[in-house]
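Throughout, the numbering used here is defined as the position within the sequence shown, counted from one, plus 2. Glycine residues also receive a C-beta, built at the ideal position from the N, C-alpha and C atoms. Only one structure is covered here, and it is reproduced in the block below.
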Amino acid sequence: EDEELLWRAPFDLIVDLAVGREAWVKAKQSKLLNRHGEFLAITLDKPLVEVHNLRQAFTAFGPMQWRMLWTRLWPFTPRYTWLGDGLEIKPGRLAEVARLVDDGMKIVLDP
Numbered sequence: 003e004d005e006e007l008l009w010r011a012p013f014d015l016i017v018d019l020a021v022g023r024e025a026w027v028k029a030k031q032s033k034l035l036n037r038h039g040e041f042l043a044i045t046l047d048k049p050l051v052e053v054h055n056l057r058q059a060f061t062a063f064g065p066m067q068w069r070m071l072w073t074r075l076w077p078f079t080p081r082y083t084w085l086g087d088g089l090e091i092k093p094g095r096l097a098e099v100a101r102l103v104d105d106g107m108k109i110v111l112d113p
């Protein structure tokens, strides 16, 4: 069923839990997101990052911050959002997800 749903692109939302920048590039190039869709990244561009100084911090986080800014300003591309605390469960988050599923949200897993 997941493969059948993949062919119903473009999607309104893609959540990246593990891949990083390459997933954003692939989603954009293959038009998996509609123009007003959102790409929600929970992971960094690179999975393992060491930050010991300002230059390393800018190198690690700067591209994602820039991507978030320009995708909000440019109306012809899906939005990119990076949540550094995305896996932190806050009060009400699970209830909101359950409501979306109850309202008919389809979840597709990429194997």
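- Query: In terms of residues, what are the limits of the beta strand (DSSP E) holding A43?
  - Reply: Unbroken beta strand (DSSP E) run through A43: L35 to A43.
- Message: Using C-beta distances below 7 Å, list every residue in its chain close to R101, excluding the 5 sequence neighbours before and after it, in chain order.
- Response: Same-chain partners within the cutoff: there are none.
- Query: Taking C-alpha atoms, which residue in R37, L34, W84 and I44 lies nearest to A20?
  - Reply: If you compare the alpha carbons of R37, L34, W84 and I44 with that of A20, the shortest gap goes to I44.
- Item | Sequence-distant residues of its chain with Cβ nearer than 6 Å to V99 (five each side left out) | For V99, where only same-chain residues beyond five positions count, there are no Cβ hits under 6 Å.
- Task: Measure the alpha-carbon distance for V53 versus G64 and round it to whole angstroms.
- Result: Taking the straight line from one Cα to the other gives about 12 Å.
- Integer-rounded CB distance, given that M70 should sit under 8 Å from T79: Their Cβ separation, rounded to whole angstroms, is 12 Å, which puts T79 and M70 out of contact at 8 Å.
- Message: Assuming W26 is part of the alpha helix (DSSP H), what are its boundary residues?
- Response: Per DSSP, W26 belongs to the alpha helix (DSSP H) from R23 to Q31.
- Kindly indicate which three-state DSSP category D18 falls into: helix, strand or coil? DSSP, read as helix, strand or coil, puts D18 in strand.
- Message: Alpha carbons only, please: which of L50, P77 and G86 is nearest the one belonging to M67?
- Response: The displayed chain sequence assigns Gln, not Met, to residue 67. Nearest to Q67 by alpha-carbon distance, out of L50, P77 and G86, is G86.
- For D104 and G94, the rounded distance between their alpha carbons: Straight-line spacing of the CA atoms in G94 and D104 works out to 15 Å.
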